[in-house]
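Quick notes on the structure that follows.
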Ligand code: GLN
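Shown next, in the form of structure tokens:
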């Protein structure tokens, strides 16, 4: 097993714009993790998994292109790098963005609507049990959040809230409309870390290869 005792997992947080620090603070509370603030393409090769934070998807997408990170990241995700997009991060991963021609990483087989809750409900708080992630109620923070209108057959829906799909998984990709990093509950971060460990036991060799 690649993740034997003492093995430190390197988790990257894409640090171009958005709620980077909140994810870092969550990860720092979990043992056996080294956090990497990813700002350059080379750093993508050092990590075992990557979080794409919330923020402004258009800005993060533009910066990914400007810093020549979009294609390398896309290739790594297609090769199995575990990745978790929260809010804007979900939009960056999507293969289709409703009412927008431009897509970014184009890897998650969903059609996502930006700012889907409209202006009056720009931000709201809710809670739900996400069975696959934890047995208890998790607090959910939505900030100018997207939701998923349609998803392909290979996509596993983790949570539907008020009729809208707000958390999904597709192979090595996890995406949430909401911001688990803004609550004190580490369930989603732990779930993502377990997903990384599981994928390393299976196929992806990431920073451990060669
Ligand atoms: N509304 C933002 C966008 O479309 C996402 C908001 C967020 O990440 N909190 O990119």
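Residue numbers (the numbering used here): -13 to 196. Cβ atoms here follow ideal geometry from the backbone N, Cα and C, with glycine treated the same way. Bear in mind that the values here come from a model prediction, so they are computed numbers and not experimental data.
- Taking every protein chain shown into account, the CB of residue 105 has fewer than 16 other CB atoms within 10 angstroms, so this residue is exposed.
- Note that the segment 6 to 21 does not touch the segment 46 to 54; fewer than 3 beta-carbon pairs, one per stretch, sit closer than 8 angstroms.
- The DSSP-derived three-state label of residue 29 is helix.
- Runs of beta strand (DSSP E) with 3 or more residues, each lying fully within the segment 118 to 146, are found at 123 to 129, 133 to 137, listed in chain order.
- Secondary structure at residue 35: strand, using DSSP grouped into helix, strand and coil.
- Secondary-structure assignment with DSSP links residue 150 through a beta bridge to 147.
- Taken from the Cβ of residue 37, every heavy atom of the ligand GLN lies 7 angstroms or farther away.
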